[in-house]
Amino acid sequence: MFCILCCVPKDETFQKERLVEIWVAEGLVEPEGDSPPTSIGCRYFEELVNESFFQEVSGSYVIPHLLHDMARLVSRNDCFIIREKADFGKVPPDVRHLSILSRKGIDKADLLSLCKHTKLRTLLFRSKDISSVIDHWCSSLHRLRVMCCGSTNELPDSIGNLKHLRYLEITGGCSLNSVPLAFCYLYSLQIVYARNCRLETMRGDFSNLISLRRFESHGFDYSLGCVLDIDLAYWQGLGLGFIKNVSSDVKGLCLRNLGYISKNQAAELELKNKQRLNSLELNWRWYRREEDNDRDIEVLQALQPPTSLMSLHLKRYGGVFLPISWFGPQNLQSSTSLTVDTRCDGLESKLLAEGTSFSRVSQRIDDLNEMLVDSNQDTTCIFPSMTELTISECGKLSSLEHLIQPAYIPAIKKITIENCKSLTSIGHNLLGSSTRGPPFSSLTSLIVCSCEELSTIDNLLSQEYLPVIHKIKVEWCYKLMSLPVGIGSLSSLRQLEISGCPSIRWPSGLVFPSSLESLNLDECGDMSACVPSCLENLTSLVSLSLKKCVGIQVIPEKVWSKSLQQLWITDCPDLVSIGGAGAIAQLRVVIIKECPKMEDKIKQPHTRGCFIN
1 MFCILCCVPK DETFQKERLV EIWVAEGLVE PEGDSPPTSI GCRYFEELVN
51 ESFFQEVSGS YVIPHLLHDM ARLVSRNDCF IIREKADFGK VPPDVRHLSI
101 LSRKGIDKAD LLSLCKHTKL RTLLFRSKDI SSVIDHWCSS LHRLRVMCCG
151 STNELPDSIG NLKHLRYLEI TGGCSLNSVP LAFCYLYSLQ IVYARNCRLE
201 TMRGDFSNLI SLRRFESHGF DYSLGCVLDI DLAYWQGLGL GFIKNVSSDV
251 KGLCLRNLGY ISKNQAAELE LKNKQRLNSL ELNWRWYRRE EDNDRDIEVL
301 QALQPPTSLM SLHLKRYGGV FLPISWFGPQ NLQSSTSLTV DTRCDGLESK
351 LLAEGTSFSR VSQRIDDLNE MLVDSNQDTT CIFPSMTELT ISECGKLSSL
401 EHLIQPAYIP AIKKITIENC KSLTSIGHNL LGSSTRGPPF SSLTSLIVCS
451 CEELSTIDNL LSQEYLPVIH KIKVEWCYKL MSLPVGIGSL SSLRQLEISG
501 CPSIRWPSGL VFPSSLESLN LDECGDMSAC VPSCLENLTS LVSLSLKKCV
551 GIQVIPEKVW SKSLQQLWIT DCPDLVSIGG AGAIAQLRVV IIKECPKMED
601 KIKQPHTRGC FIN
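Going by full-length UniProt numbering, the first residue of the sequence shown is number 1, and it counts up by one from there.
See the structure below:
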């Protein structure tokens with residue numbers, strides 16, 4: 001293992017990862033259970049570093065001179081370095097590992113002379129084009145396991161003779177743009193590096209490359225078990241060939257610029273048969289023509305994923321609907337996440353069949369008009385496993401009744417609705433008369449942000465529908481008119497934040513629940529009808545923030561509970577008193593400022609401690 005480094009010149013640095021891959025290719029790493037060979041090799045490497053066989057230099061490694069000399073002496077018949085033309089005549093007859101450093105004066109005849117060394121396992125020649133001799137090498141050096149060359153214009157059919165080849169590297173730029181059919185019969189091949197080669201086409205059944213762990217070329221990178229990211233605008237042949245034949249072990253797949261392939265090409269990928277695929281991202285191009293929309297639908301239908309898929313992300317899709325065949329009860333049974341985002345401008349309806357089991361659904365569709373749910377009498381809910389739902393930037397969405405019902409999402413824990421400019425109400429649309437049974441029994445977080453037309457959420461905010469709610473946040477809903485008195489019945493509520501809702505008319509008699517630990521009220525209308533009564537009996541309150549709250553004049557000392565630790569009051573124009581300076585003397589954190597009418601002997605700005613949200 002150490003002696004193979006005699007092929008590396010003295011003082012030349014090398015990378016840990018690359019050396020370990022060569023060790024594995026040479027068969028020098030013994031398997032240990034289910035541990036990846038490279039992980040075992042890395043452990044070997046670290047042990048050699050600890051024993052000072054290798055020295056680290058700026059992220060790379062070198063061999064100390066004395067150890068390098070010793071290794072050369074021990075392996076003089078197995079390893080050899082050709083530094084000049086004359087060295088070709090000095091190569092040991094049974095050499096196994098050979099490195100050619102110089103290119104000066106070396107001709108084709110010199111390189112062909114290596115064909116007689118049939119025991120070669122390693123051949124390193126990174127500085128010259130080997131197009132003229134590679135066919136001869138592949139025909140003669142059948143025991144090669146590692147081959148590195150500077151460049152070549154082609155890989156000959158004779159490469160199929162290298163049944164033991166495990167590591168192939170082409171370091172320089174060259175015109176190589178395809179691989180021959182025989183390449184697919186290199187059953188032992190593990191690593192291919194051709195970073196400067198623009199490989200465009202692949203022939204043969206690449207599923208035969210059963211040992212392949214890494215394939216890297218210009219703009220294309222495949223690793224076993226990785227997320228395979230392919231831009232189809234440039235790599236149709238290479239990318240489609242890989243997906244079709246060798247991606248059975250790929251756990252994630254991202255296809256970009258899907259507008260460049262046809263529905264027939266999409267169907268040939270047979271994604272639905274790739275049962276190990278966990279995540280799939282389908283990404284269409286930025287630029288599109290209106291006539292592309294129908295084609296997008298056809299391509300998407302042909303790309304139906306496996307039922308085992310866990311995460312699906314559609315980006316810049318131009319069709320007017322999503323294929324219902326994807327979302328039936330029999331499909332995507334393991335899925336936990338669906339995201340449709342970045343202005344899918346053509347999408348008018350979203351077809352979701354009951355029985356689909358998503359735990360997280362995120363919509364980011366600016367022009368979504370409606371959500372349609374296909375009924376299925378044999379099922380009781382659309383998303384029985386969904387735990388998190390985000391509906392964002394749905395500019396034309398006015399109603400949620402077809403999706404957000406307790407019976408549809410019984411396991412939901414978090415709902416976020418944001419930037420839905422046409423949404424007018426939450427409550428009436430969510431909760432029809434037929435659903436006055438089981439509530440949102442698992443919902444702990446409700447966030448509503450930047451819904452400009454939203455006027456009411458009254459019917460939702462009650463213990464009946466939110467029995468275990470912990471957090472409610474409503475902000476920047478400028479037309480929100482009211483909060484229900486029933487909010488006081490939310491016995492599990494710990495955090496309440498209302499901000500940027502200046503139109504709220506607070507009802508008299510409203511009392512916040514005693515379970516509250518954090519209360520943040522910021523620019524949320526005239527509170528004179530409910531303050532100070534709404535702040536009484538908050539025996540669990542730890543943090544209180546009042547900002548730009550009009551109508552509040554007096555907060556008596558008796559309101560401040562013993563549990564309160566931090567208080568922030570700012571820009572409350574009508575506030576006269578908070579019970580005196582003594583009322584807040586025991587608080588750990590206090591910020592009071594910009595309250596011009598305050599008569600308490602508290603100098604403003606008054607700051608003590610650091611407020612923590």
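For glycine and all other residues, C-beta sits at the position ideal for the given N, C-alpha and C.
Because the structure is a prediction, the values reported are computed rather than measured.
{"Asked": "If the criterion is Cβ atoms closer than 8 Å, does the pair Thr-122 and Arg-145 meet it?", "Found": "yes"}
{"Asked": "Taking buried to mean at least 16 other C-beta atoms within 10 Å of its own C-beta, is Leu-120 buried or exposed?", "Found": "buried"}
{"Asked": "Report the three-state DSSP secondary structure of Asn-459 (helix, strand or coil).", "Found": "coil"}
{"Asked": "Who are the Cβ neighbours of Met-598 in its own chain at under 8 Å, not counting the five residues just before and after it?", "Found": "Leu-575, Val-576, Ser-577, Ile-578, Ile-592, Gln-604"}
{"Asked": "Hey, how far is the Cα of Leu-111 from the Cα of Lys-85?", "Found": "10 Å"}
{"Asked": "Name the one or two DSSP bridge partners that Trp-568 has.", "Found": "Ser-545, Ile-591"}
{"Asked": "What is the DSSP secondary structure of Ser-311, reduced to helix, strand or coil?", "Found": "strand"}
{"Asked": "Just mark Asn-273 as buried or exposed, buried being the case when its beta carbon has 16 or more other beta carbons within 10 Å.", "Found": "exposed"}
{"Asked": "As an exercise, report each continuous beta strand (DSSP E) stretch of at least 3 residues that is fully enclosed by the segment 434-507, in chain order.", "Found": "445-449, 471-475, 495-499"}
{"Asked": "Given this structure, state the Cα-to-Cα distance separating Trp-506 from Leu-258, to the nearest angstrom.", "Found": "52 Å"}
{"Asked": "Return the chain-ordered list of same chain residues with a C-beta closer than 8 Å to the C-beta of His-606, the five sequence neighbours on each side being excluded.", "Found": "Val-590, Ile-591, Ile-592, Lys-593"}
{"Asked": "In whole angstroms, what is the alpha-carbon distance linking Glu-464 and Phe-440?", "Found": "9 Å"}
{"Asked": "Please look up how many angstroms separate the CB atoms of Cys-7 and Cys-79, rounded, as I've assumed it's under 8 Å.", "Found": "6 Å"}
{"Asked": "Between which two residues does the alpha helix (DSSP H) holding Gln-55 run?", "Found": "Careful: Gln-55 lies outside any alpha helix (DSSP H), inside the beta strand (DSSP E) at 55-57."}
{"Asked": "Tell me the DSSP secondary structure of Phe-220 in three-state form.", "Found": "strand"}
{"Asked": "Is the Cβ-Cβ distance between Val-468 and Leu-446 less than 8 Å?", "Found": "no"}
{"Asked": "Under DSSP, the alpha helix (DSSP H) around Ile-40 begins and ends at which residues?", "Found": "37-50"}
{"Asked": "I'd like to confirm the pairing. Which residues does DSSP put opposite His-136 in its beta bridges?", "Found": "Answer is none; His-136 lacks a bridge partner."}
{"Asked": "In this structure, does DSSP put His-97 in helix, strand or coil?", "Found": "strand"}
{"Asked": "Is the beta carbon of Ser-518 less than 8 Å from the beta carbon of Ser-491?", "Found": "no"}
{"Asked": "Grab the span of the alpha helix (DSSP H) containing Met-70 for me, first residue to last.", "Found": "65-74"}
{"Asked": "Report the three-state DSSP secondary structure of Gly-432 (helix, strand or coil).", "Found": "With a pLDDT of 46 at Gly-432, under the threshold of 50, the modelled position of this residue cannot be trusted, and the question is left open."}
{"Asked": "Considering only their Cβ atoms, is the gap separating Cys-174 from Ile-159 smaller than 8 Å?", "Found": "no"}
{"Asked": "If Val-91 and His-68 are in contact, beta carbons under 8 Å, what's the gap, nearest whole angstrom?", "Found": "20 Å between Cβ atoms; not a contact."}
{"Asked": "Just confirm the distance between the C-beta atoms of Leu-155 and Val-133, as a whole number of angstroms; I'd bet it's less than 8 Å.", "Found": "Rounded, the Cβ-Cβ distance is 13 Å, inconsistent with contact."}
{"Asked": "Return the bridge partner residues of Val-167 from the DSSP annotation.", "Found": "In the sequence under discussion, the amino acid at residue 167 is Tyr, which differs from the Val named in the question. Partner(s): Val-146, Ile-191."}
{"Asked": "Among the candidates Ser-561, Thr-456, Arg-126, Ile-22, whose CA atom is the shortest distance from the CA of Val-542?", "Found": "Ser-561"}
{"Asked": "In the DSSP assignment, find the alpha helix (DSSP H) that holds residue 614 and state where it starts and stops.", "Found": "This structure does not reach residue 614, given that the chain is present from 1 up to 613, and the question cannot be answered."}
{"Asked": "Whose CA, out of Leu-19, Val-57, Ser-58, lies closest to the CA of Arg-43?", "Found": "Leu-19"}
{"Asked": "Look at the Cβ atom of Phe-461, then the Cβ atom of Gly-486, and state whether they are nearer than 8 Å.", "Found": "The residue you asked about is not Phe; residue 461 is Leu in the sequence shown. A contact, by the Cβ cut-off of 8 Å."}
{"Asked": "How is the beta strand (DSSP E) around Val-227 delimited, first residue to last?", "Found": "227-231"}
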